[in-house]
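My numbering applies: residue 30 is where the sequence shown begins, and numbers increase by one.
In this text, a Cβ means the ideal position worked out from N, Cα and C, and glycines have one as well.
One structure is given here, and the rest of the page talks about it.
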Amino acid sequence: MEIKSNVTARSVAWQILNTLEIRRAWAEDVLRDALREHPLSAPDARLVRELVFGTVKGRLFLDYVLQTFFTAGRPPRKVMNLLRLGAYQLLLLSKVPPHAAVHATVEAAKGGLDARQTAFVNAVLRALGRKGAPPLPPADPDPVAYLSVLHSMPVWLVKRWVGRFGREAAEALMQTANEAPPLVARVNCLKGTRDQALVWLQDKQIEAEPEAAPQALRLSGTGDPGRMPGVADGWFYFQDAASQLVGYLVDPVPGSVCLDLCAAPGGKATHLAELMGDRGEVLALDRAADKLKKIEENARRLGLGCLRTGTVCPTGFLADRVLVDAPCSGLGTLRRHAETRWRVTESDLSRLGQEQGALLEQAAGHVKLGGHLIYATCTTEPEENEDVVGAFLTRHQEFSLRPGPGSSGWPRPEFWGEDGFFRTLPGHPEMDGMFAARLLRTA
30 MEIKSNVTAR SVAWQILNTL EIRRAWAEDV LRDALREHPL SAPDARLVRE LVFGTVKGRL
90 FLDYVLQTFF TAGRPPRKVM NLLRLGAYQL LLLSKVPPHA AVHATVEAAK GGLDARQTAF
150 VNAVLRALGR KGAPPLPPAD PDPVAYLSVL HSMPVWLVKR WVGRFGREAA EALMQTANEA
210 PPLVARVNCL KGTRDQALVW LQDKQIEAEP EAAPQALRLS GTGDPGRMPG VADGWFYFQD
270 AASQLVGYLV DPVPGSVCLD LCAAPGGKAT HLAELMGDRG EVLALDRAAD KLKKIEENAR
330 RLGLGCLRTG TVCPTGFLAD RVLVDAPCSG LGTLRRHAET RWRVTESDLS RLGQEQGALL
390 EQAAGHVKLG GHLIYATCTT EPEENEDVVG AFLTRHQEFS LRPGPGSSGW PRPEFWGEDG
450 FFRTLPGHPE MDGMFAARLL RTA
């Protein structure tokens, strides 16, 4: 849907919500493109972000509420998205007065709905403002429906998490999924230390504090992160602390050869090059040639000369470290990618596990004798994690699991399970959910 006139924060947010249902794109990318097309003031741009991510995260709860006001079935998609936008402001965004939320949302409707649809949106939102939300489903004896609506999470995922982690821990994961993600940067160790970066950022009036990885800083007060001091000069790469820990798990050494099979956008590949002191070789591969440009741009910005890219691994290429950062459901990053919860289904997990297993098979042939094969995902689900590695080890007796900290002492023992796998859960500590396994080639 194109917005041709009367561009407001709500009309842009509505456009983004409609686009997300048509295109399988990240909300962050669609938001960035929309704000480039429709420049807004800084406060309005912040409001757009709040409206988009709040509405996407709260969709199931908002639909539960809105359906009580429908008498003739579910309205068309663009009407539904505008109603969600209005309901989010009325129920979950206390800083917007109800009358202002209704008026501004109805005004946005005039840019893309006919008179009948606009009147319908107005009537539903005014009724919601008067009556409020209906009661939630009963919490006992089965809490699944209650937790699903309360935290706006798919029923199938709630069942899984409650069954595996217990209700209290599962609810903590759901609460984390609805929080704003922290902004975390990796300090380029070729430029300086984290302590040096801390002092420098504080001089620039940017709040920074150490995170649970050796070069990680949690930031606030940066404004546009891309324009933050030091970014253009290669001091920082924005990457969650859990993702950074995978680099220490890979444990490359200067002069070694590393292969990253699924490298885009380059966070882990560039980290490996930094940890090697930019001495040796990092081959960063991705099947999508257009994504390689981003890796190359980041490598140049960070001052890395040992990293090269490609779409296909050369025949016979062998590496000391092979990383398979496998495409996955992303269920460990729901607070960063709120739309994932509505796109991934339970049936996707077994399919993804098969694809991930095929990637491990491909990677195995490129590991030197005595080298390490590292498998990593940003999901919480066993079909994509333990099951994939377990099946691989059953087929490949020449590999064995090698848990524990690398030569740097990281990742620390608390991140390793008794089963030999590395795990972080969303928000525990303040990082994304990550899984990894280190496999040693012995024959």
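When secondary structure is reduced to three states using DSSP, residue 364 falls in the coil class, being assigned neither helix nor strand. For residue 324, no beta strand (DSSP E) encloses it; the enclosing alpha helix (DSSP H) starts and ends at 318–331.
Going by beta carbons, residue 315 and residue 292 fall inside the 8 Å limit.
Residue 428 is bridged by DSSP to 470. Annotation: the continuous beta strand (DSSP E) that includes residue 265 extends over 265–267. Per DSSP, the beta-bridge partners of residue 339 are 314. Judged by beta-carbon spacing, residue 49 lies beyond the 8 Å limit of residue 79, meaning their Cβ atoms are not closer than that value. Restricting attention to 38, 441, 103, 328, the CA atom closest to the CA of residue 217 is found in 328.
Taking C-beta atoms under 8 Å as the contact rule, residue 175 and residue 165 qualify, at a distance of about 6 Å. Residue 285 is classed as buried because its beta carbon has at least 16 other beta carbons within 10 Å across all chains shown. Under the three-state reduction of DSSP output, residue 406 falls in the strand class.
Under the three-state reduction of DSSP, residue 185 is assigned to helix. The C-beta distance from residue 307 to residue 335 rounds to 5 Å, short enough to meet the 8 Å contact threshold.
Secondary structure of residue 213 (DSSP, three-state): strand. Excluding its 5 nearest sequence neighbours in each direction, residue 189 has C-beta neighbours in its own chain below 8 Å: 375, 410, listed in chain order. Just measuring C-alpha positions, the residue of 266, 387, 380 sitting nearest residue 330 is 266.
Taking all protein chains in view, the Cβ of residue 446 is surrounded by fewer than 16 other Cβ atoms within 10 Å, so the residue is classified as exposed.
Counting only the Cα atoms, residue 219 lies some 25 Å from residue 461. Residue 463 is bridged by DSSP to 453. The C-beta distance from residue 463 to residue 184 rounds to 25 Å, too long to fall under 8 Å, and the pair is not in contact. Its chain contains 38 as the residues whose beta carbon lies nearer than 6 Å to that of residue 73, once the 5 sequence neighbours on both sides are disregarded; these appear in chain order.
Leaving aside the five residues that flank residue 155 on each side, the residues in its chain whose CB is nearer than 7 Å to its CB run, in chain order, 131. Around the Cβ of residue 394, a 10 Å sphere holds fewer than 16 other Cβ atoms; the residue is exposed. Within a 10 Å sphere around the beta-carbon of residue 51 sit fewer than 16 other beta-carbons, which makes this residue exposed. Inclusion of residue 177 and residue 207 in the CB contact set at 8 Å is not warranted, their separation being larger than that value. Residue 451 places its beta carbon less than 8 Å from that of residue 440.
In the three-state DSSP reduction, residue 255 falls in the helix class (H, G or I).
Excluding sequence positions up to five before and after residue 173, its CB lies within less than 7 Å of the CB of 184, 187, 188, 191, all in the same chain and listed in chain order.
With a beta-carbon spacing of about 5 Å, residue 353 and residue 388 fall inside the 8 Å limit used to define contacts. When the beta-carbon positions are compared, residue 290 and residue 420 stay at least 8 Å from each other.
If you draw a 10 Å sphere on the C-beta of residue 152, you find fewer than 16 other C-beta atoms in it, and that means exposed.
By the beta-carbon neighbour count (other beta carbons within 10 angstroms, threshold 16), residue 210 is buried. Here residue 193 is exposed, its C-beta having fewer than 16 other C-beta atoms within 10 Å. Cβ-Cβ distances below 6 Å link residue 89 to 181 in the same chain, with the five nearest sequence neighbours on each side left out; the list follows chain order. Under the criterion of beta carbons closer than 8 Å, residue 355 and residue 404 qualify as touching, at roughly 7 Å. Secondary structure of residue 72 (DSSP, three-state): helix.
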